[in-house]
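Every position in the sequence shown, counted from 1, becomes a number in my numbering once 1045 is added.
Reviewing the structure listed below.
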Amino acid sequence: MNQLPWLDQVLQMDALAGMNLIPDQSIDLVVADPPYGLGKDYGNDSDKQSPTEFLNWTETWLSLVLPKIKVTGSLYLFTTWRYSPEIFVFLKSQMSMINEIIWDRRVPSMGGSTRKYSSVHDTIGFFAKTKEYYFDLDAVRIPYDEATKKARTRSIFVGKKWLEVGYNPKDVWTVSRLHRQHPERENHPTQKPLAIVERMVKASCPKQGVVLDPFAGSGTTVAACLLNQRHYVAFEINPDYHRTILNRVERIKTGGYEVMPVANRFHQGAEEPGYSNGCGQLSLL
Ligand SMILES: C[S@@+](CC[C@H](N)C(=O)[O-])C[C@H]1O[C@@H](n2cnc3c(N)ncnc32)[C@H](O)[C@@H]1O
């Protein structure tokens, strides 16, 4: 497999041109975190398009990427509420929608707009090529703590496999955005937390499978692949960010990379097993 010239490479080029290098049906998982159409500065004009241009460009790159996905493959797409309706309608015409995941960025409550509610989440679409999509729930289950296990001693819970192996993550993922002082932080304005991308990679790409990231940024997907024995191919158009990724790869390969313990990376809240039902009681899972 390593004979393939694009495999395990981070290529400094426009992802749309780069799709020519990749054979159809060769990718297990796409993790796509493109410019959001919100005018962010990535050292180029990639996020400075009008809404119509942005949506046309989105359909163009998606149309190039989707044929690369295997029949058992899937796609996670980071976006926001502003464009998720249009993008998801397009994707639903090509794929099966499995989940809408909400990334709660744990934004503190501080003022904000007086004309609307403060937006504190990103929207992530999870789509599969076919109903035969690969999904390894056991790889991402969340273990119950001893206190919860003990509390579940009623007969209906005894011997339940899920009590031992942990529960299924919910579709609201509460992970703090990366602050400047965070050990994981690279020099990139919209770097995603590794915990989020690692969960996608572990659940949706088999070991030694291949993950494609068309908009690699600081290389979070590449890091998740290296740390979890998956192959990757990644594109990043900005040469400075490309260097950042290569540097991150080097640190991982030489063992000089600091990763927070898994248990500390997802916060409780909607993810905890017996989330409060608002009536002062714990609901039963
Ligand atoms: C939202 S950021 C990705 C952040 C990344 N997920 C991370 O965790 O660091 C989007 C990236 O796409 C890059 N980009 C924009 N247009 C591109 C294109 N046509 N081809 C490749 N990369 C592109 C930008 O330079 C930016 O770094």
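Using N, Cα and C, we set each Cβ at its ideal position, and we do this for glycine too.
If you're wondering where the values come from, they're calculated on a predicted model, not measured in any experiment.
In chain order, what residues of the same chain lie with their CB nearer than 6 Å to the CB of residue i, ignoring the 5 residues before and after it?
i     : result
S1141 : A1173
L1056 : G1063 and F1280
Q1312 : In the sequence as presented, Gln is not what sits at residue 1312; that position holds His. If we look at H1312 and ignore the five residues flanking it on each side, its Cβ neighbours are T1219.
R1225 : none
E1131 : L1100
Per the DSSP calculation, residue i is bridged to which residue(s)?
i     : result
S1119 : L1074 and A1173
I1114 : I1072
D1149 : H1166 and T1219
H1276 : V1255
G1187 : A small fix is needed here, since residue 1187 is Ile in this sequence, not Gly. Y1212.
N1144 : F1171
Leaving out five residues before and five after residue i in sequence, what residues of the same chain have Cβ atoms less than 7 Å from its Cβ?
i     : result
L1208 : Y1189, K1194, R1197 and F1202
L1399 : Residue 1399 falls outside the range modelled here, since the chain spans only 1046 to 1330, and no answer is possible.
L1291 : V1055
L1066 : W1051
Q1139 : L1111
A1184 : K1247 and A1248
Residue i by DSSP, collapsed to three states: which one?
i     : result
H1287 : helix
M1064 : helix
N1232 : coil
N1213 : coil
T1125 : coil
M1058 : coil
S1382 : Since the first and last residues shown for the chain are 1046 and 1330, residue 1382 lies out of range.
K1366 : A question about residue 1366 goes unanswered here, because the residues of the chain that appear run from 1046 up to 1330.
S1108 : helix
P1130 : helix
I1282 : coil
E1303 : coil
F1311 : coil
K1195 : helix
R1041 : Lying before the first or after the last residue shown, residue 1041 is absent from the chain, which here runs from 1046 to 1330.
L1083 : coil
K1093 : coil
F1099 : helix
Along the alpha helix (DSSP H) that carries residue i, what are the first and last residues, could you check?
i     : result
F1260 : That residue, F1260, is in no alpha helix (DSSP H); it is neither H nor E in DSSP.
A1269 : T1265 to L1272
M1245 : L1239 to S1249
My understanding is that residue i touches residue j, with C-beta atoms under 8 Å, so please give their C-beta distance in whole angstroms.
i     : j     : result
T1124 : T1168 : 5 Å
S1071 : V1255 : 7 Å
Y1277 : H1233 : Actually they are not in contact, since the Cβ atoms of Y1277 and H1233 sit about 17 Å apart, beyond 8 Å.
V1294 : L1271 : 7 Å
D1149 : V1217 : 6 Å
D1069 : C1250 : Not a contact, Cβ separation roughly 18 Å.
F1135 : G1170 : With a Cβ gap of about 10 Å, F1135 and G1170 do not count as contacting.
E1243 : N1283 : Actually they do not touch by this definition, with Cβ atoms about 24 Å apart.
I1114 : L1120 : 7 Å
W1106 : P1259 : 7 Å
R1296 : Y1302 : 4 Å
For residue i, which residues from the same chain have a beta carbon less than 8 Å from its beta carbon, with the 5 sequence-adjacent residues on both sides left out?
i     : result
D1092 : P1080, Y1081, G1082, L1083, G1084, K1085 and D1086
L1182 : N1213 and A1248
Q1048 : none
T1289 : E1231, N1232, H1233, S1263 and G1264
V1152 : S1163, V1165 and R1222
E1104 : F1135
K1298 : L1271
V1116 : Q1070, K1174, T1175 and E1177
Taking only beta-carbon atoms, is residue i less than 8 Å away from chain B?
i     : result
T1265 : Among the protein chains of the structure shown there is no chain B, as only one such chain exists.
Under DSSP, the beta strand (DSSP E) around residue i begins and ends at which residues?
i     : result
V1203 : No beta strand (DSSP E) holds V1203; DSSP gives it neither H nor E.
L1052 : Looking at the DSSP string, L1052 is not in any beta strand (DSSP E), and its letter there is neither H nor E.
Is residue i near ligand 3 - that is, is its Cβ less than 7 Å away from at least one heavy atom of it?
i     : result
Y1286 : As far as ligands go, the structure on display features ligand 1 and does not contain ligand 3.
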